[in-house]
Amino acid sequence: MTNAKEAGLYQSRWRKFLQYIEVPTDPGAPNTPWVNRDLIPMPKERRTYKIWSYFIYCCISGFSISAYAAGSTLLAYGLDARQAIVSLVIAGLIVGVLYVASGWMGERHHIGFTVACRFSWGMRGAYFPVVFRASVTIFWDGLQAYWGGQAVAVTIGAIIPGFAHM
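Numbering (the working numbering), first residue to last: 106 to 271.
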């Protein structure tokens, strides 16, 4: 008798968990593997990004180990400080243009990356750029973690000289 109660309790918890992670539906919008509320164009009431959101995103993307290392790398390659600053400003402008160009479709049509991929890759082919993007993100985050760990190790080694020779 207790096993049946435990099984019912387990099913109830499982069902609650599945309902919790289920994609919410909008009235009048189907909820299928090909169409759901995250894939349809964003209605006006759900658009929460303003101009400051994009500005903050660009600032945060510049606060990474690779951005910190860019200037010192250019100096190590033989550029003087003025040349390094000019090249970083030019690179920032180029990246800014690429940000605007890659975000144009989402801003104009209020769709996400996965839907935009369907235009050129097709319904099933759109999985390729999504998986590729996720793989690059995993690699990049691992690289950032490694560089961050190296920076912390150098910092601790500068404070405690014996740490650098362990």
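Just so you know, even glycine gets a beta-carbon here, dropped at the ideal spot from N, CA and C.
Note that this is a predicted model, so its numbers are computed, not measured.
- Here the segment 139-149 makes no contact with the segment 170-190; the two share fewer than three CB pairs at distances below 8 Å.
- Per the Cβ contact rule, the segment 204-219 is not in contact with the segment 129-136 (fewer than 3 Cβ pairs under 8 Å).
- Of the candidates 243, 255, 201 and 121, 201 places its Cα closest to the Cα of residue 167.
- Distance from the CA of residue 176 to the CA of residue 196, rounded to the nearest whole angstrom, comes to 12 Å.
- Only buried fits residue 222, as 16 or more other CB atoms lie within 10 angstroms of its CB.
- Residue range 186-214 is occupied by the alpha helix (DSSP H) that includes residue 195.
- Counting along the chain, residue 254 sits inside the alpha helix (DSSP H) bounded by residues 232-264.
- Secondary structure of residue 140 (DSSP, three-state): coil.
- When C-alpha distances from residue 203 are compared across 163, 125 and 249, the shortest belongs to 163.
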